[in-house]
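>
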Amino acid sequence: MLEADGIGRDYRVDGQVLTAIDSLTFQVAEGELVCIVGPSGCGKTTLLRMCAGLLTPTRGRAAVDGRTVDGPPADTAVVFQEYGRSLFPWMRVGANVDLPLRRLGLTRAERRERVAEALALVDLAGRERAWPWQLSGGQQQRVAIARAVAFRPRLLLMDEPFAAVDAQTRAELEDLIRDLWQRLGVTVVFITHDIDESVYLGQRVLVLSSSPTRMRAEIHIDLGEERDQLGTRSSPEFAKLRGAVWKEIQAAKRKPDE
Amino acid sequence: MRLLRGALLLLGLPTVLFGLWWIASADSTSFYFPPLQKILAEFAETWTAERWRADVLPSLARLGAGYAASCVLGITLGLLIGRTRWLLHLTEPVLEFARAVPPPVLVPVIMLVAGIGDTMKTAVIVSGCIWPILLNTIAGVRSADAVQLDTAAAFGLGRTRTLTSVVLPAASPRIVTGMRQSLAIGLILMVISEMFAAQSGLGFAIVQFQRSYAIPAMWSGILLLGCLGVALAALFNLFDRAVLHWYHRMRERSA
Numbered sequence: 026m027l028e029a030d031g032i033g034r035d036y037r038v039d040g041q042v043l044t045a046i047d048s049l050t051f052q053v054a055e056g057e058l059v060c061i062v063g064p065s066g067c068g069k070t071t072l073l074r075m076c077a078g079l080l081t082p083t084r085g086r087a088a089v090d091g092r093t094v095d096g097p098p099a100d101t102a103v104v105f106q107e108y109g110r111s112l113f114p115w116m117r118v119g120a121n122v123d124l125p126l127r128r129l130g131l132t133r134a135e136r137r138e139r140v141a142e143a144l145a146l147v148d149l150a151g152r153e154r155a156w157p158w159q160l161s162g163g164q165q166q167r168v169a170i171a172r173a174v175a176f177r178p179r180l181l182l183m184d185e186p187f188a189a190v191d192a193q194t195r196a197e198l199e200d201l202i203r204d205l206w207q208r209l210g211v212t213v214v215f216i217t218h219d220i221d222e223s224v225y226l227g228q229r230v231l232v233l234s235s236s237p238t239r240m241r242a243e244i245h246i247d248l249g250e251e252r253d254q255l256g257t258r259s260s261p262e263f264a265k266l267r268g269a270v271w272k273e274i275q276a277a278k279r280k281p282d283e
Numbered sequence: 003m004r005l006l007r008g009a010l011l012l013l014g015l016p017t018v019l020f021g022l023w024w025i026a027s028a029d030s031t032s033f034y035f036p037p038l039q040k041i042l043a044e045f046a047e048t049w050t051a052e053r054w055r056a057d058v059l060p061s062l063a064r065l066g067a068g069y070a071a072s073c074v075l076g077i078t079l080g081l082l083i084g085r086t087r088w089l090l091h092l093t094e095p096v097l098e099f100a101r102a103v104p105p106p107v108l109v110p111v112i113m114l115v116a117g118i119g120d121t122m123k124t125a126v127i128v129s130g131c132i133w134p135i136l137l138n139t140i141a142g143v144r145s146a147d148a149v150q151l152d153t154a155a156a157f158g159l160g161r162t163r164t165l166t167s168v169v170l171p172a173a174s175p176r177i178v179t180g181m182r183q184s185l186a187i188g189l190i191l192m193v194i195s196e197m198f199a200a201q202s203g204l205g206f207a208i209v210q211f212q213r214s215y216a217i218p219a220m221w222s223g224i225l226l227l228g229c230l231g232v233a234l235a236a237l238f239n240l241f242d243r244a245v246l247h248w249y250h251r252m253r254e255r256s257a
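Line by line, the protein sequences give chains A and B. Quick note on the working numbering: the first sequence kicks off at 26 and runs consecutively. Quick note on the working numbering: the second sequence kicks off at 3 and runs consecutively.
In structure tokens:
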């Protein structure tokens, strides 16, 4: 589904070339939920922006369904960290969710139905007429998720979507993502700096090194399909996996060049 | 109570000033500063329906045409320049220069090109009104949020839809600010353009009164101009509230 093939990105700062991402190669299979973690400043957002076709890689390539990404790929939706800046404050919630649907050639009724359905999925049924800034942070991020869901993407890219919400809301939203993923069969790539979150959500966790970034480790999360905040997080398997990811991240911080 | 307080704040100072003017000028025998009472009496006599048709409405029509053209041109060019990096770098110094030139000095030049008719007067209004709108539109477009633009791109909104649904509304608070500045400039230029080689209009009428020593009528014209300014500002506030209601309510919320 999604494939990164030696993808890398340099930045030019004051005439000097800085390598943000050296080279990354990985695959995400259709229907998979993969989390990508890494120490802060390792270029996670840069990676996501390259996969989303918002940034051109310096080296290598990203491909969706075997086709090289050279612009935003079709059937792909992105949820950004800054929900406050990704929703449009001049549109009501319904219009925000509706906007990406307008180019899909649907009838007005079909679009209205999709919007209502997506809002219901994120527990915001009937809030079409509300303004984004009337909602709490968690609710705003739900709207952003609904916007992505209504688009019915096959690939959903999420860039630290819960970094700016409080812990309780965060737990709810994590369960929401697992639930949507299972229900809709969408492929999810979830970027986070939170080790617990990556283990709780993912089927697989990719650990990145610090900049210049390379792939440091790949950890399979065999926690089963049914997970819940209390049971899963207090299980010994969870602790073990969490420890494994943590160790890799610590090592990545110590030896950036390895 | 709140309504009363609002009305008091709104009308208090104008009433006091008019009262002072009335009292101070009541016994005036000065030819140039007649009593306000006389000015008001003249006002009713001067600004008849006939005068409105002959002078006020043509003025307002030219202001409307010039202002509308400035808005369309300023916003269109502003969107284009704001979204095109090389165009921005290319035009930036020129725009700053053009903005610094006081439009009234252009009147003789514009007269050469556009004659002395309505075209000239409208062109004078555009020559001054366009800059605040253009520069504010550019600034507004430049300040559009990167995440909002990324969102539009990621969902493949396309150029036109990104422009109309994202860039334009994102820039709209700045655009409206520019339009507000331009309206005041437009009113001034409307009068000034009519002081040169005109056959009708408010500015023309006021100059005529002045030249024929009809001083109370001249003052009544100045008074009318002030009232028009207030009325236009009030209309603009309605427009502002209709277009930017989301913006004002959002800011009230975060305040």
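Positions of the beta carbon are idealized from the N, C-alpha and C atoms, including for glycine.
So what's B:G228 in DSSP terms, helix, strand or just coil?
In the structure shown, B:G228 sits in a helix (DSSP, three-state: H, G or I).
> In angstroms, rounded to a whole number, what distance separates the CA positions of A:L49 and A:L233?
So the two alpha carbons sit approximately 9 Å from each other.
> Would the beta-carbon of A:A77 fall within 8 Å of that of A:P178?
No, they are not a contact pair.
> Kindly confirm or deny that the region 153-171 of chain B and the region 49-61 of chain B touch, where touching means at least three C-beta pairs closer than 8 Å.
Contact between the region 153-171 of chain B and the region 49-61 of chain B is absent, because fewer than three Cβ pairs lie under 8 Å.
> Could you tell me whether any Cβ in chain A is nearer than 8 Å to the Cβ of B:M192?
It does not; no Cβ of chain A falls within 8 Å.
> Compare the beta carbon distance of A:R6 and B:R163 with 8 Å and say whether it is the shorter of the two.
Because chain A in this structure spans residues 26 to 283, residue 6 of chain A falls outside the shown range and cannot be described.
> Evaluate A:Y108 with the Cβ neighbour count: other Cβ atoms within 10 Å of its Cβ, from every protein chain shown; 16 or more gives buried, anything less gives exposed.
It is buried - the Cβ of A:Y108 has at least 16 other Cβ atoms within 10 Å.
> In the structure shown, what three-state DSSP assignment does A:C67 receive?
Coil at A:C67, not helix or strand.
> Taking a contact to mean a Cβ-Cβ separation below 8 Å, would you say A:V104 touches A:I220 in this structure?
It is not a contact, given that the beta carbons lie outside the stated cut-off.
> Note the first and the last residue of the continuous beta strand (DSSP E) segment covering B:Q210.
That residue, B:Q210, is in no beta strand (DSSP E); its alpha helix (DSSP H) goes L204 to R213.
> In whole angstroms, what is the alpha-carbon distance linking A:E283 and A:A277?
Any reading at A:E283 needs caution, since the residue's pLDDT is 45, under 50, leaving its predicted position unreliable; the model's value is listed next. In a straight line, the C-alpha of A:E283 is about 8 Å away from that of A:A277.
> How should A:L43 be labelled, buried or exposed, when 16 other C-beta atoms within 10 angstroms of its C-beta is the threshold for buried?
Under this definition A:L43 is an exposed residue.
> Please report whether the beta-carbon of B:A43 lies at a distance below 8 Å from any beta-carbon of chain A.
No, B:A43 does not count as interfacial toward chain A.
> What is the residue span of the beta strand (DSSP E) that A:D184 lies within?
L180 to D184 is the span of the beta strand (DSSP E), which, as asked, contains A:D184.
> Would you check if the distance between the CB atom of B:S184 and the CB atom of B:S72 is smaller than 8 Å?
In contact: B:S184 and B:S72 (Cβ atoms closer than 8 Å).
> Identify the contact partners of B:S30 in chain A, using a Cβ-Cβ distance below 9 Å as the criterion.
By Cβ distance, chain A contributes nothing, its closest Cβ being about 54 Å from B:S30, past 9 Å.
> Taking only runs of the beta strand (DSSP E) that begin and end inside the region 148-227 of chain A, which ones reach a length of at least 3 residues, in chain order?
The region 148-227 of chain A contains these whole beta strand (DSSP E) runs: 180-184 and 212-217.
> Give the secondary structure of A:Q275 by DSSP, where H, G and I count as helix, E and B as strand, and everything else as coil.
Reduced to three states, the DSSP call for A:Q275 is helix.
> In this structure, how does DSSP classify B:V193 when only helix, strand and coil are distinguished?
Here B:V193 sits in helix by DSSP.
> Between the region 185-200 of chain B and the region 146-154 of chain A, do at least 3 Cβ pairs fall closer than 8 Å?
At 8 Å Cβ cutoff, the stretches do not touch.
> Contact defined as beta carbons within less than 8 Å: I believe A:A269 pairs with A:I244. What is the distance between those atoms, to the nearest angstrom?
With a Cβ gap of about 6 Å, A:A269 and A:I244 count as contacting.
> Where A:R239 and B:T166 are concerned, what is the direct C-alpha to C-alpha distance, given to the nearest angstrom?
Spanning the two alpha carbons is a distance of roughly 40 Å.
> With three or more beta-carbon pairs closer than 8 Å as the criterion, would you say the region 82-98 of chain A touches the region 123-137 of chain B?
No, the region 82-98 of chain A is not in contact with the region 123-137 of chain B.
> What does A:A99 touch in chain B if you count any residue whose Cβ is under 9 Å from its own?
In chain order: G158.
> Put B:S30 into one of helix, strand or coil per three-state DSSP.
B:S30: coil per DSSP, three-state reduction.
> Give the DSSP bridge partners of A:H245, in chain order.
Per DSSP, A:R229.
> For B:V193 and B:G21, I'd like the C-alpha separation in whole angstroms.
Going from the Cα of B:V193 to the Cα of B:G21 covers about 27 Å.
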